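Participant: One structure, as structure tokens, below. Some questions next.
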Amino acid sequence: MRYLPLTDADRGEMLARVGAKSVDDLFVDVPEAARLDGPIHDLPLHASEMAVERHMAKLSRQNLSAGDAPFFLGCGAYRHHVPASVDHIIQRGEFLTAYTPYQPEIAQGTLQMTYEFQSQVARLFGCDVANGSMYDGSTACWEAITMARRVTRRARAILSSGLHPHYVSVARTMAKFTGDILETGMPTLEAAPDTDSLIDRIDDETSCVVVQYPDILGRIGDLSALADACHAKKALLIAVVTEPVALGAIKAPGDMGADIVVGEGQSLGVGLQFGGPYVGLFACSEKLVRQMPGRLTGETVDAEGKRGFVLTLSTREQHIRREKATSNICTSSVLCALAMSVHMTLLGEKGLRDLAALNHAKACRLADRLDALPGVEVINDSFFNEFTVKLSKEARPVVRAMAEKGVLAGVSLGRLWPDAEALANGLVIAVTETVTDEDVEALVSGLEEALA
Amino acid sequence: MSINQGGWRPTMGESDGNGDMPTYTGNRALMLEEPLIFERGSVNVTGVDIEEAPKVRSRLGGLDRNRDIGLPGLSEPETVRHYTRLSRQNYAIDLGLFPLGSCTMKHNPRLNERVARMPGFADVHPLQPVDTVQGALGVINELAVWLIKLTGMYGIAMSPKAGAHGELCGVLCIKAALEKRGETDRKVLLVPESAHGTNPATAAFAGFRVENIPATPEGRVDLAALRGRLGPDVAGVMITNPNTCGLFERDMKAISDAVHDAGGYVYCDGANFNAIVGRVRPGDLGIDAMHINLHKTFSTPHGGGGPGSGPVVLSEALAPYGPLPFTERHADGYITLVEEETVGDRHPDSFGRMTAFHGQMGMFTRALTYILSHGADGLRQVAEDSVLNANYILRSLEDVLDAPFAETGPCMHEAIFSDAGLAEGFSTIDIAKALIDEGFHPMTMYFPLVVHGAMLIEPTETESKGTLDQFIGALRSVAQRAKAGDQALKSAPHFAPRRRLDETLAARKPVLAWKEPSQAEAAE
Amino acid sequence: MSRYFTEDHEWIAVENQTATVGITDYAQSQLGDIVFVEVPEEGREFAKGDEAAVVESVKAASDVYAPVSGIVTEANGALGDDPALVNSDPEGEGWFFKMSLTHPSQLEGMMDEAKYQEFVSNL
Numbered sequence: 081m082r083y084l085p086l087t088d089a090d091r092g093e094m095l096a097r098v099g100a101k102s103v104d105d106l107f108v109d110v111p112e113a114a115r116l117d118g119p120i121h122d123l124p125l126h127a128s129e130m131a132v133e134r135h136m137a138k139l140s141r142q143n144l145s146a147g148d149a150p151f152f153l154g155c156g157a158y159r160h161h162v163p164a165s166v167d168h169i170i171q172r173g174e175f176l177t178a179y180t181p182y183q184p185e186i187a188q189g190t191l192q193m194t195y196e197f198q199s200q201v202a203r204l205f206g207c208d209v210a211n212g213s214m215y216d217g218s219t220a221c222w223e224a225i226t227m228a229r230r231v232t233r234r235a236r237a238i239l240s241s242g243l244h245p246h247y248v249s250v251a252r253t254m255a256k257f258t259g260d261i262l263e264t265g266m267p268t269l270e271a272a273p274d275t276d277s278l279i280d281r282i283d284d285e286t287s288c289v290v291v292q293y294p295d296i297l298g299r300i301g302d303l304s305a306l307a308d309a310c311h312a313k314k315a316l317l318i319a320v321v322t323e324p325v326a327l328g329a330i331k332a333p334g335d336m337g338a339d340i341v342v343g344e345g346q347s348l349g350v351g352l353q354f355g356g357p358y359v360g361l362f363a364c365s366e367k368l369v370r371q372m373p374g375r376l377t378g379e380t381v382d383a384e385g386k387r388g389f390v391l392t393l394s395t396r397e398q399h400i401r402r403e404k405a406t407s408n409i410c411t412s413s414v415l416c417a418l419a420m421s422v423h424m425t426l427l428g429e430k431g432l433r434d435l436a437a438l439n440h441a442k443a444c445r446l447a448d449r450l451d452a453l454p455g456v457e458v459i460n461d462s463f464f465n466e467f468t469v470k471l472s473k474e475a476r477p478v479v480r481a482m483a484e485k486g487v488l489a490g491v492s493l494g495r496l497w498p499d500a501e502a503l504a505n506g507l508v509i510a511v512t513e514t515v516t517d518e519d520v521e522a523l524v525s526g527l528e529e530a531l532a
Numbered sequence: 048m049s050i051n052q053g054g055w056r057p058t059m060g061e062s063d064g065n066g067d068m069p070t071y072t073g074n075r076a077l078m079l080e081e082p083l084i085f086e087r088g089s090v091n092v093t094g095v096d097i098e099e100a101p102k103v104r105s106r107l108g109g110l111d112r113n114r115d116i117g118l119p120g121l122s123e124p125e126t127v128r129h130y131t132r133l134s135r136q137n138y139a140i141d142l143g144l145f146p147l148g149s150c151t152m153k154h155n156p157r158l159n160e161r162v163a164r165m166p167g168f169a170d171v172h173p174l175q176p177v178d179t180v181q182g183a184l185g186v187i188n189e190l191a192v193w194l195i196k197l198t199g200m201y202g203i204a205m206s207p208k209a210g211a212h213g214e215l216c217g218v219l220c221i222k223a224a225l226e227k228r229g230e231t232d233r234k235v236l237l238v239p240e241s242a243h244g245t246n247p248a249t250a251a252f253a254g255f256r257v258e259n260i261p262a263t264p265e266g267r268v269d270l271a272a273l274r275g276r277l278g279p280d281v282a283g284v285m286i287t288n289p290n291t292c293g294l295f296e297r298d299m300k301a302i303s304d305a306v307h308d309a310g311g312y313v314y315c316d317g318a319n320f321n322a323i324v325g326r327v328r329p330g331d332l333g334i335d336a337m338h339i340n341l342h343k344t345f346s347t348p349h350g351g352g353g354p355g356s357g358p359v360v361l362s363e364a365l366a367p368y369g370p371l372p373f374t375e376r377h378a379d380g381y382i383t384l385v386e387e388e389t390v391g392d393r394h395p396d397s398f399g400r401m402t403a404f405h406g407q408m409g410m411f412t413r414a415l416t417y418i419l420s421h422g423a424d425g426l427r428q429v430a431e432d433s434v435l436n437a438n439y440i441l442r443s444l445e446d447v448l449d450a451p452f453a454e455t456g457p458c459m460h461e462a463i464f465s466d467a468g469l470a471e472g473f474s475t476i477d478i479a480k481a482l483i484d485e486g487f488h489p490m491t492m493y494f495p496l497v498v499h500g501a502m503l504i505e506p507t508e509t510e511s512k513g514t515l516d517q518f519i520g521a522l523r524s525v526a527q528r529a530k531a532g533d534q535a536l537k538s539a540p541h542f543a544p545r546r547r548l549d550e551t552l553a554a555r556k557p558v559l560a561w562k563e564p565s566q567a568e569a570a571e
Numbered sequence: 029m030s031r032y033f034t035e036d037h038e039w040i041a042v043e044n045q046t047a048t049v050g051i052t053d054y055a056q057s058q059l060g061d062i063v064f065v066e067v068p069e070e071g072r073e074f075a076k077g078d079e080a081a082v083v084e085s086v087k088a089a090s091d092v093y094a095p096v097s098g099i100v101t102e103a104n105g106a107l108g109d110d111p112a113l114v115n116s117d118p119e120g121e122g123w124f125f126k127m128s129l130t131h132p133s134q135l136e137g138m139m140d141e142a143k144y145q146e147f148v149s150n151l
């Protein structure tokens, strides 16, 4: 077998050193009834690299990949062009096949990269500090809610109706077990986000308000007044960013007073990957850092006085605090964080701003184009690269019918809120730099046909 | 043919005594110092060519960014060089033995990487209509079937994002099952002291109270003590098997039976599944839930600390409570994705969703590729070789290092030693840091807590006998120096990119993000 | 002023009805370099044995328990900037918090300095 270096001669010599007659002697502690005497049957045996690649390629071809179709899906996962050098760098074996940097003297590559990533994310979000990444945006969002509980010693969180329904679902699942109380709601197809209603509901029991920016329908609301209202009641404002490219064009949540900013970093460098692995982003103000979950890398010096980096503030984490830890998280998403960091380094301030401007301009043009179609109404006043249209008929069958003709038209709200009739005609359309004029024509004519 | 019992060693010449000679750049030939991107880049530089945006009226709601972000950019050549230089300051599997106990740092096959990048997997959106992603769902389904058969279990939850997330999934299944039974008074989860820190952290997160299960002097769960503690307040146990001392829990089936008889559930931490894959099915030992770290047993890369992936196999008793979404294959081969909209009455007891979307697809493609490569026969050989390699290390070192459980029989996939017998003032960390100078990644240190100064060595099956012999030779040499009190060990590593780092300074005055030097000074 | 000691390696200095609480020199030497101390807010009320503060070294976090019942009147803010005070002067500048005693009788039977030294020497 190509991944196993031991030869039969090696095995024989080694068994002799160990003092075992056969390898079975090494499994004597397994109860006899549970020992398998050979390969598990009705499972295939080993296969060559070529055979495996052929099998997997066949499965791959049974999917319509985004690059092969006019593509307009967003809602928490975005398709951007990822420069070739990003993928090259994350495949460097020294990054790809390293472990968590517990031995900092021989892990400065991962540690310095993570420190740079933390600094980039903190700046992008307008916060003092960011951690070294979490599983994904949805789990980062839940971790932020529990952190607000620890900070405020209150357990009632208000979730905006514009928060991604999967993120709400995750929080709801967890809250069932932790006893947190979540106020949630369904969005309405209105031009503006639900900021005012959130402000009205904050009281002395509120631990935090969680608001997505831009929200699930693509709307952008000013967070300043909401932050003030939270702080007046000693509650925290948590902002959730699922499309970080937007922050090249709009104000950072931290600059508007958000105490914790979490997000999904997938859209920079990581790719769609059918939902994972992605990279959870988590940033906050300096004074909250001791309550933050996840790994942190900090600067220090070595015995010769040279600058170096180490994992720090580890006493927050499970391997030391065990049942008192801030979170049970052990793994983060370092390789995806590297991809995102490299992409941000390639873009830089100028590139990110230009990219954001291009996304917004393309979205504006498409919104105007669609708004002029009979049976299509753009509902947003404001948006970045994603907006919601209300169709004259239910959106789910329209999306399916268009997919059959090779156009991936967007995410129907019926997919996200299956039981909500008021949302059934809603369709969320995302437009990035990858969308061409031909793609736009395909979407327009496809919609015209489906709505006729 | 084995030429040299101490493993391969190069011909070593005499030093010219210039080792400490300073250089202008601070570089040492191939060991290159690298500044931060913030010190090298500029906000005006970009390494990406972006077409000019058409002129439109902004519809950003009046929230146009009015302040610089402060993100430095680098051209593509500078970017590639920056990260390549950083990469060279990392140790990695691709460079050598990485014997971190309980972490299973095995070779990461490159076919996995090629497959994961196929456009049908890498470039599909999680919310595409299911008709357009039948192949992707097929991967999830095929991997699920393999994992169920390899573990002899009933059902599976694929979406957990990592091992600890999988633990949470299993513990939430237990909690949901108890609620369904109306037995919410069962609030205690029993966890051995030797457990990974994630176990008690997870149990506490889910609202359980954690109590320790004592161990026998042989390093295994004390069955009698466990039986004595079971009762109407106990929800279940969380047990790692093989355990973190590298030993198989001989009484596992009896433990499961006792827990079941007392109305509890058995969670198994599957971090060490690599030792038994293809030789033992946890389902035959009465396990109710076990997470599988795809990044350990099934060779998906660790990437410097993630992403991981932690599917959880479930017994018939717990499967109804598993999370959404999951895949369902129909007789005609069509696969549906069962999520909130389609779940209906078919899975009414699901405890809900653990993550947006469907889990770590990029890890599923890699793990399935690896599994298909090995097949049922190859995976069995994986377990056998990993256990043989660990026992070879145990028996080759037990005369120079204290091996607390060596007399009780063979170990599984990892060998454990303590720091007993080292010279006064010397500890495990000194041995670990000296191994760095020898060109090896150190073993897991000071874990599990039940062994003083623990050194937990897991070689995995992907190491050759030659590599093991060289490692054994190096560790024997270092151990003898530590017993003799060689002071040079106290300041090791001497040859790594950095000497020992000041962790106290880092924790007392945390510097967690870069600031412009003027700002940093102002903040002092 | 009288000074008492506990088996959890805390000291209590009592003057009138106010107690100053910290950890002993022995405790700091066992913990190693202290990197962070979390002290309680003013006004918090503790029963004897409640978790009142946390003291952290690089690799360990330890709870400090309220040695007697009382209400926190002052916390040592200097530890925020300089946690190393606990290492350099544990039984002086490195104090943790002051509390007004609600059950002074709990002090009865606690170790004095000599008894504590004897206790430590037997560990």
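Protein chains in written order, with our numbering: chain A, 81 to 532; chain B, 48 to 571; chain C, 29 to 151.
Using N, Cα and C, we set each Cβ at its ideal position, and we do this for glycine too.
On a predicted model such as this, the values are computed, not experimentally measured, just so you know.
1. Can you name, in chain order, every residue of its own chain whose Cβ lies under 8 Å from the Cβ of B:L444, other than the five neighbours on each side?
2. Skipping 5 residues on each side, what residues in its chain have a beta carbon closer than 7 Å to that of A:E285?
3. If we ignore side chains and look at the alpha-carbon of each, how far apart do B:R276 and C:E35 end up?
4. On the three-pair Cβ rule with 8 Å, is the stretch 205 to 221 of chain A touching the stretch 361 to 374 of chain A?
5. For A:H121, count neighbouring Cβ atoms within 10 angstroms of its own Cβ and tell me buried if that reaches 16, exposed if not.
6. Using a Cβ-Cβ cutoff of 8 Å, what residues of the stretch 109 to 130 of chain C are near chain B? List them in chain order.
7. Measure the C-alpha to C-alpha separation of A:A146 and B:P166 and round it to an integer number of angstroms.
8. Starting from the C-beta of B:P370, find all residues in its chain whose C-beta is less than 7 Å away, skip the five residues before and the five after it, and write them out in chain order.
9. Taking beta-carbon pairs under 7 Å, can you tell me which members of the stretch 74 to 92 of chain C lie near chain B?
10. Per DSSP, what are the beta-bridge partners of C:L107 in this structure?
11. Can you confirm whether A:T377, when its beta carbon is compared against all beta carbons of chain C, has any partner nearer than 8 Å?
12. Would you check if the stretch 453 to 460 of chain B and the stretch 483 to 493 of chain B touch, i.e. whether three or more CB-CB distances between them fall below 8 Å?
13. With DSSP as the reference, identify every bridge partner of C:W39, one or two as the case may be.
14. Determine the DSSP secondary structure at B:M577, reduced to helix, strand or coil.
15. Do B:K196 and A:L471 come within 8 Å of each other at the CB atom, strictly closer than that value?
16. Quick one: which chain A residues come within Cβ less than 8 Å of B:Q428?
17. Report the residues of the stretch 532 to 545 of chain B with a CB closer than 7 Å to any CB of chain C, ordered along the chain.
18. Would you verify that the beta carbon of A:T194 is, or is not, closer than 8 Å to some beta carbon of chain C?
19. Are any of the Cβ atoms in chain C nearer than 8 Å to that of A:T395?
20. Closest to A:V132 by C-alpha separation, out of B:R413, B:N290, B:P176, would be which residue?
21. Hey, is C:L151's beta-carbon within less than 8 Å of any beta-carbon in chain B?
22. Please classify A:R375 as buried or exposed, where buried requires at least 16 other C-beta atoms within 10 Å of its C-beta.
23. Pairing CB atoms from the stretch 420 to 434 of chain B with CB atoms from the stretch 485 to 500 of chain B, are three or more of them under 8 Å?
24. In chain order, what residues of the same chain have a beta carbon less than 6 Å from the beta carbon of C:I40, not counting five sequence neighbours either side?
25. Quick check on A:R60: buried or exposed, where buried means 16 or more other Cβ atoms within 10 Å of its Cβ?
26. Have a look at B:G425 and A:A441 and give me their C-alpha separation to the nearest angstrom.
27. Using a beta-carbon distance cut-off of less than 8 Å, what residues from the stretch 295 to 311 of chain A approach chain B?
28. Nearest to B:G513 by alpha carbon, out of A:T87, A:L317, A:T322?
29. Rounding to the nearest angstrom, what Cα-Cα distance links A:L496 and A:P245 in this structure?
Facilitator: So, from the listed chains and residues:
1. Cβ within range, chain order: A450, A462, F464, I519, L522, R523, A526.
2. Cβ within range, chain order: R234, R236.
3. Rounded to whole angstroms, B:R276 to C:E35 spans 28 Å at the Cα level.
4. Flag = yes, the stretch 205 to 221 of chain A and the stretch 361 to 374 of chain A touch.
5. Of the other Cβ atoms in all chains shown, fewer than 16 fall within 10 Å of the Cβ of A:H121; this residue is therefore exposed.
6. Listed in sequence order: P111, A112.
7. Spanning the alpha carbons of A:A146 and B:P166 requires a straight line of approximately 8 Å.
8. A204, S206, C216, S397, F398, G399, R400, M401, listed in sequence order.
9. For the stretch 74 to 92 of chain C, the set of positions with a beta-carbon nearer than 7 Å to some beta-carbon of chain B reads V86 in chain order.
10. Per DSSP, none; premise fails for C:L107.
11. Answer no: the Cβ-Cβ gap between A:T377 and chain C never drops below 8 Å.
12. With a cut-off of 8 Å on Cβ pairs, the stretch 483 to 493 of chain B is not in contact with the stretch 453 to 460 of chain B, counting fewer than three such pairs.
13. In DSSP, C:W39 forms a bridge with C:F33, C:G50.
14. No answer is possible for residue 577 of chain B: the residues shown for chain B start at 48 and end at 571.
15. No; because the gap between Cβ atoms is not below 8 Å, this pair is not in contact.
16. The CB of B:Q428 comes closer than 8 Å to the CB of M81, L84 in chain A, given here in chain order.
17. Answer in chain order: no residues at all.
18. So, not an interface residue.
19. Taking 8 Å as the CB threshold, A:T395 lines the interface with chain C.
20. If we check each option's Cα against that of A:V132, B:R413 comes out closest.
21. Closer than 8 Å: no.
22. Buried is the call here.
23. As far as the Cβ criterion goes, the stretch 420 to 434 of chain B does not touch the stretch 485 to 500 of chain B, which means the pair count is below three.
24. Exclusion of the five residues before and after C:I40 leaves Y32, A47, V49, P95 as the residues of its chain whose Cβ lies within less than 6 Å of its Cβ.
25. Because chain A is modelled from 81 through 532, residue 60 of chain A falls outside the range shown and cannot be assessed.
26. Spanning the two alpha carbons is a distance of roughly 54 Å.
27. With the criterion set as a beta carbon lying under 8 Å from some beta carbon of chain B, the members of the stretch 295 to 311 of chain A are R299, I300, G301, D302, in sequence order.
28. For B:G513, the closest alpha carbon among the candidates A:T87, A:L317, A:T322 is that of A:T87.
29. If I take the Cα positions, the gap works out to 7 Å.
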